[in-house]
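Visitor:
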Ligand code: SF4
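Printed below as a string of structure tokens:
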């Protein structure tokens, strides 16, 4: 799913630009929809509020943690399952960094690397990339992130 597709779905549920921003920020930054001076139920349209639990469950399914492995270099490798069952790797780096995958497989095919074993399978859509950041933020704070193959 692309972020633009997600925006279109929010708009179809009655979201105005401010609602859209609030929902997308809450998702990407792993924050509650309620804010100190503004509760979601006073702010978001009812149709949107009603649909949000299913939508959030769908977004959570874009990147699920299958396993994690601590390396000798203090990086933590996350094996992440995508909505179609394929897997990619995200890496939690020291000092709240994160590296996420932008594609399934890799065309380069270095002999020592499992990722490139079957070649490039597909590119990830934007929401699948952001979903990896969200998943990592559920495990620990992420202040900066980058992407790799
Ligand atoms: S992911 Fe990196 S190491 Fe693995 S095959 Fe691609 S370029 Fe080589």
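Residue numbers (our numbering): 475 to 623. We put the CB at the ideal spot given by N, CA and C, even for glycine.
Do the stretch 553-564 and the stretch 488-499 make contact, defined as three or more Cβ pairs closer than 8 Å?
Guide: Too few Cβ pairs lie closer than 8 Å, so no.
Visitor: Can you give me the C-alpha to C-alpha distance between residue 477 and residue 483, rounded to a whole angstrom?
Guide: If you take the alpha carbons of residue 477 and residue 483, they lie about 10 Å apart.
Visitor: Give a yes or no on whether the C-beta atoms belonging to residue 599 and residue 480 are separated by under 7 Å.
Guide: No, the pair does not count as a contact, with Cβ atoms beyond the cut-off.
Visitor: Identify whether residue 507 lies in helix, strand or coil by the three-state DSSP scheme.
Guide: Residue state, collapsed to three classes: coil.
Visitor: Thinking C-alpha only, which one of 546, 525, 570 is nearest residue 607?
Guide: Here the closest residue by C-alpha is 570.
Visitor: At a cut-off of 6 Å, is residue 589 close to ligand 1 when judged by its beta-carbon and the heavy atoms of the ligand?
Guide: Yes, the beta carbon of residue 589 sits closer than 6 Å to at least one heavy atom of ligand 1.
Visitor: With distances taken Cα to Cα, identify the nearest neighbour of residue 486 among 519, 502, 506.
Guide: Closest option to residue 486, Cα to Cα, is 519.
Visitor: Is DSSP giving residue 433 helix, strand or coil here?
Guide: Residue numbering for the chain in the displayed model covers 475 to 623; residue 433 lies beyond these limits and cannot be assessed.
Visitor: Applying the criterion that 16 or more other CB atoms from any shown protein chain within 10 Å of the CB defines a buried residue, is residue 562 buried or exposed?
Guide: Buried, because 16 or more other Cβ atoms sit within 10 Å of the Cβ of residue 562.
Visitor: Rounded to whole angstroms, what's the CA-CA distance from residue 587 to residue 503? Just pull it up for me.
Guide: Using only the alpha carbons, I get a separation of about 32 Å.
Visitor: Sort out for me which residues DSSP pairs residue 537 with in a bridge.
Guide: Beta-bridge pairing links residue 537 to 556.
Visitor: Return yes when the C-beta of residue 582 is under 6 Å from any heavy atom of ligand 1, and no when it is not.
Guide: Yes - ligand 1 has a heavy atom lying nearer than 6 Å to the Cβ of residue 582.
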